[in-house]
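All the letters of the sequence shown, read from the start, carry residue numbers 486 to 821 under this note's numbering. Below is one structure, written out as structure tokens, with a few remarks after it.
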Amino acid sequence: MLYIRTDMNETIATGHMMRCLSIADAAKKQGQETVFLVADAQAQELLKKRGYAYRILGSDWNDMEAELPILLETVKKLQIKKLLIDSYRVTPAYLDQLSAAVKTYYIDDLNAFLYPVHGLICYANYWKSCGYPARYPKTELYLGLKYVPLREAFAGCEKKTIRPKVKNLLLMSGGSDPCDMTLKILGRLHKAAYEEIHVICGRYHTRYHDLCKMSLRYPNLHIHKAVDDIETYMERADLAVSAGGTTLYELCAVGTPAISYSFADNQLENVRTFDKEGIIAYAGDARKQDAAFHIAAMLERYHTDAALRRERSERMQDLVDGTGAGRIAEVLAEGI
486 MLYIRTDMNE
496 TIATGHMMRC
506 LSIADAAKKQ
516 GQETVFLVAD
526 AQAQELLKKR
536 GYAYRILGSD
546 WNDMEAELPI
556 LLETVKKLQI
566 KKLLIDSYRV
576 TPAYLDQLSA
586 AVKTYYIDDL
596 NAFLYPVHGL
606 ICYANYWKSC
616 GYPARYPKTE
626 LYLGLKYVPL
636 REAFAGCEKK
646 TIRPKVKNLL
656 LMSGGSDPCD
666 MTLKILGRLH
676 KAAYEEIHVI
686 CGRYHTRYHD
696 LCKMSLRYPN
706 LHIHKAVDDI
716 ETYMERADLA
726 VSAGGTTLYE
736 LCAVGTPAIS
746 YSFADNQLEN
756 VRTFDKEGII
766 AYAGDARKQD
776 AAFHIAAMLE
786 RYHTDAALRR
796 ERSERMQDLV
806 DGTGAGRIAE
816 VLAEGI
């Protein structure tokens, strides 16, 4: 049995939960069942929908040290041998006490402090700058883009077909859209230039109804919320705009050329590295810049430049093969 400790809610959105679900899906395919340990009932509906068992700890997701007594008791009661943890709210004390009771694995993309765990996973494109091998001589390390935990749908994608002009545009903002970037981009966009514009709203998008109202005025504008098959929209799109995070790796697997922006500190290294390496162009930090203006300008450039889109697409698919979740599941299954 695989156990995962993670959360989702209006503040942290769905990123941690979704990548953990990808690992759970891969584990199920390998014959391993998963139980999620969550602070509260926020993820209950999603976990039921996806068919996974869960235990609600009844704790504060933002104060993880306070949950240690009940979590340690759960570890003992269920005889948990390995625990995968995915949360930015962990502390050294939290991980240290857990690691004394169970073999711990942590998914890191912040490099916030020295994590006292048995295994460390970092699939971020900037992992080399974190100096893991030197800092963790006694820790099991799983590093690089081969460990990007994507759903099975992103494994072995066919080479992307690049059309002369962009006809289908895809806009995504992750689980939430705190800077109202979707509306700002649509406000700057020459909407008649596209046959179709698809907007994917996350579970916690607060302006979903405003976007639906806008779509009534533009027949080529389609609004979707919390879709289960986002890969279908990515595959159909000629070009995408997305906030930083795991979505960019999904776009890489599919090979859809993209423009990124950020609205959180944990996205900055991700988007900047993709931009620096000439993989995905970066339009700026939505909290500090008029990123929508820069996105509109970049869209104009990409619209008819098929050579640029083809070059970016090929480099994206060379980076990510979409089978990272299976690799992580195999690591976690060893010795159970």
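Yeah, the Cβ is synthetic: ideal placement off N, Cα and C, and Gly gets one too.
- prompt: How long is the line joining the alpha carbons of D525 and D545, rounded to whole angstroms?
  reply: 8 Å
task: Give the straight-line distance between the Cα atoms of M801 and G807, rounded to the nearest whole angstrom.
output: 11 Å
- request: Using beta-carbon positions only, say whether V726 and I780 come within less than 8 Å of one another.
  value: yes
field: Bridge partner(s) assigned by DSSP for G811
entry: G811 is not bridged to any residue.
message: Between R490 and I570, how many whole angstroms is the CB-CB distance? I'm expecting something under 8 Å.
response: 5 Å
message: Just to confirm the assignment, what range does the alpha helix (DSSP H) spanning Y579 have?
response: 577-584
Proximity winner among R794, L563, S798, relative to L487 (alpha-carbon distances): L563
- request: Tell me whether F521 sits in a helix, a strand or coil according to DSSP, three-state version.
  value: strand
- request: Identify, in the order they occur along the chain, each residue of the same chain with its Cβ nearer than 8 Å to the Cβ of E550, setting aside the five sequence neighbours on each side.
  value: T576, A578, Y579
- prompt: E495 and Y693: beta carbons closer than 8 Å?
  reply: no
query: Which same chain residues, not among the five before or five after F778, have their C-beta less than 7 Å away from its C-beta?
result: R673
task: Give the C-beta separation of V633 and G809 to the nearest angstrom, bearing in mind that I take them to be a contact with Cβ-Cβ under 8 Å.
output: 4 Å
Three-state secondary structure (DSSP) of N494: strand
Span of the alpha helix (DSSP H), counted from its first residue to its last, around I508: 500-514
- prompt: For V712, which residues of its own chain have a beta-carbon under 8 Å away from its beta-carbon, when the five flanking residues on both sides are left out?
  reply: I685, Y718
- request: Enumerate, from N- to C-terminal direction, the unbroken beta strand (DSSP E) stretches of 3 or more residues contained entirely within the segment 564-628.
  value: 567-571, 588-592, 604-607, 625-628
message: Taking the straight line between their C-alpha atoms, what separation do you get for F759 and V520?
response: 34 Å
query: So, is Q527 buried or exposed, given that buried needs 16 or more other C-beta atoms within 10 angstroms?
result: buried
message: Taking the alpha-carbon of G730 as reference, which of D548, V756, K710, K588 has the nearest alpha-carbon?
response: V756
- prompt: Going by beta carbon distance, what residues of the same chain come within less than 7 Å of F598, once the five residues before and after it are set aside?
  reply: P577
- request: Note down, one range per segment and in chain order, each alpha helix (DSSP H) of at least 4 residues found wholly within the segment 644-680.
  value: 666-673
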